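Per this note's numbering, residue 3 is the first one in the sequence shown, and the count goes up by one each step. What follows is a set of notes on a single structure, which appears directly below.
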Amino acid sequence: MKILDECIMISDGFDKRTKLSEEMMQIMLDGVLTIKPLCAFRYGIEILTKEIHKLLEDTHTKNVQFIRYMPDVLIIDSKNPENTYFMEFKVADTGIMKDSFFQTLITHRPEMPDDVPHPYPKKKGMTKEDIFNVELTAHEIYVEYEKFIDTVVVGYATFLERGLMANYNKNLDIVSYYTPGKIGRAAIDGSYTRIANIDQRSFIDFCDFMMKLHPDLNEDELKAKVEKAEEKLSKLSKI
């Protein structure tokens with residue numbers, strides 16, 4: 003298993019996470035999301051022209067962030083078109099090694115608002131491996147999207163053996179926020195992307211989630227394609 007020391011923030015960390023998530027999206031589009039009645043369509047900023055990327059790359063206003071973090075894929079159930087939603091793919095490639103840093107995140111919750119309970123209410127039985135981190139801005143943008151359309155987050159952690167997992171963004175439990183370079187973990191080359199630490203126990207097994215959402219799926223076909231996808235995903239951190 004690959005777990006990076008939380009005191010090291012590799013300079014290309016954000017770019018690597020983005021690349022891994024794009025690789026994951028393509029694996030899913032080529033395999034799992036081809037199963038009928040699923041109809042999957044690319045949606046995120048990656049489908050926009052390079053000129054748009056160039057114009058927005060150094061701007062971080064709320065309008066630009068809303069575009070930058072557009073969900074990856076639009077899913078439509080062809081047998082039940084009302085069952086339409088966004089799907090976002092997230093790869094967590096760094097885990098937490100030091101228990102002291104882990105305890106700070108779940109007990110002190112250093113950057114959470116004062117009205118948020120301390121320590122993390124569900125910390126009982128929680129381990130370092132239960133932390134799944136995503137960009138905080140992404141999570142907040144999906145909360146805004148969910149005022150109009152559901153957003154499903156599909157997660158995969160290269161340092162866990164759990165495999166694919168999913169849930170609605172609104173149902174994911176936030177353990178804490180933190181900013182690299184501010185609380186206990188160095189930021190290198192100006193990488194200060196705020197992180198939302200999610201309790202990965204609030205994710206559901208991907209196959210179970212999809213079968214509840216799309217009862218017309220062939221369960222055997224789904225499991226077979228998910229297994230193949232997970233074989234490819236297991237090699238992501240080596241890319």
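Using N, Cα and C, we set each Cβ at its ideal position, and we do this for glycine too. Source: prediction; values computed, not measured.
Rounded separation between residue i and residue j - CA only
| i | j | result |
| --- | --- | --- |
| Ala-189 | Thr-96 | Its pLDDT being 43, under 50, Ala-189 is placed unreliably in this model, and the value from its coordinates should be taken loosely. So the two alpha carbons sit approximately 14 Å from each other. |
| Arg-187 | Lys-100 | Since pLDDT at Arg-187 reaches only 49, below the 50 mark, its modelled position is unreliable, and the value read off the structure follows with that caveat. Looking at the two C-alpha atoms, the distance is approximately 11 Å. |
| Ala-159 | Val-145 | 22 Å |
| Asn-135 | Asn-199 | 4 Å |
| Ile-54 | Ser-102 | 42 Å |
| Leu-174 | Lys-125 | 15 Å |
| Lys-225 | Leu-40 | 15 Å |
| Asp-60 | Glu-25 | 24 Å |
| Tyr-71 | Thr-195 | 13 Å |
| Asp-7 | Leu-162 | Residue confidence is low: Asp-7 scores 37 on pLDDT, short of 50, so the model does not pin down where it sits. Its coordinate-derived value is still stated next. Cα to Cα, the separation comes out at about 15 Å. |
| Ile-98 | Met-128 | 13 Å |
| Met-27 | Glu-90 | 8 Å |
| His-216 | Phe-104 | 37 Å |
| Phe-205 | Met-167 | 6 Å |
| Arg-164 | Lys-130 | 14 Å |
| Arg-111 | Pro-182 | 14 Å |
| Leu-58 | Phe-150 | 25 Å |
Three-way DSSP call (helix, strand, coil) for residue i in this model
| i | result |
| --- | --- |
| Leu-76 | strand |
| Ala-188 | In this prediction, Ala-188 scores a pLDDT of 49, lower than 50, which makes its location untrustworthy; the coordinate-derived value is nonetheless stated afterwards. Note: Ala-188 maps to coil in three-state DSSP. |
| Lys-227 | helix |
| Asp-60 | coil |
| Val-143 | According to the sequence displayed, residue 143 carries Ile and not Val. Of the three classes helix, strand and coil, the one that applies to Ile-143 here is helix, per DSSP. |
| Tyr-210 | According to the sequence as given, residue 210 is Asp; it is not Tyr. Reduced to three states, the DSSP call for Asp-210 is helix. |
| Asp-101 | helix |
| Asp-218 | coil |
| Phe-68 | helix |
| Glu-148 | coil |
| His-120 | coil |
| Asn-82 | coil |
| Met-114 | coil |
| Ile-37 | coil |
| Leu-31 | helix |
Beta-bridge pairing of residue i - partner residues as DSSP gives them
| i | result |
| --- | --- |
| Asn-199 | Asn-135, Ser-178 |
| Tyr-87 | Ile-77 |
| Phe-43 | Leu-76 |
| Val-156 | Phe-91, Ala-168 |
CB contact flag (residue i, residue j, <8 Å)
| i | j | result |
| --- | --- | --- |
| Tyr-147 | Pro-73 | yes |
| Val-177 | Leu-107 | yes |
| Asp-201 | Asp-132 | yes |
| Leu-238 | Val-118 | no |
| Lys-172 | Ile-37 | no |
| Ile-197 | Glu-142 | no |
| Leu-50 | Ala-42 | no |
Proximity to residue i [Cα-Cα], best of the options
| i | options | result |
| --- | --- | --- |
| Ile-29 | Glu-163, Glu-142, Val-156 | Val-156 |
| Glu-221 | Leu-22, Val-34, Lys-21, Ser-23 | Val-34 |
| Gly-46 | Lys-64, Gln-105, Phe-68, Glu-233 | Phe-68 |
| Thr-109 | His-120, Pro-115, Asp-116 | His-120 |
| Arg-44 | Phe-88, Ala-231, Thr-63, Val-66 | Phe-88 |
| His-62 | Ala-140, Lys-52, Leu-22 | Ala-140 |
| Met-213 | Phe-150, Lys-56, Ile-151, Asn-169 | Asn-169 |
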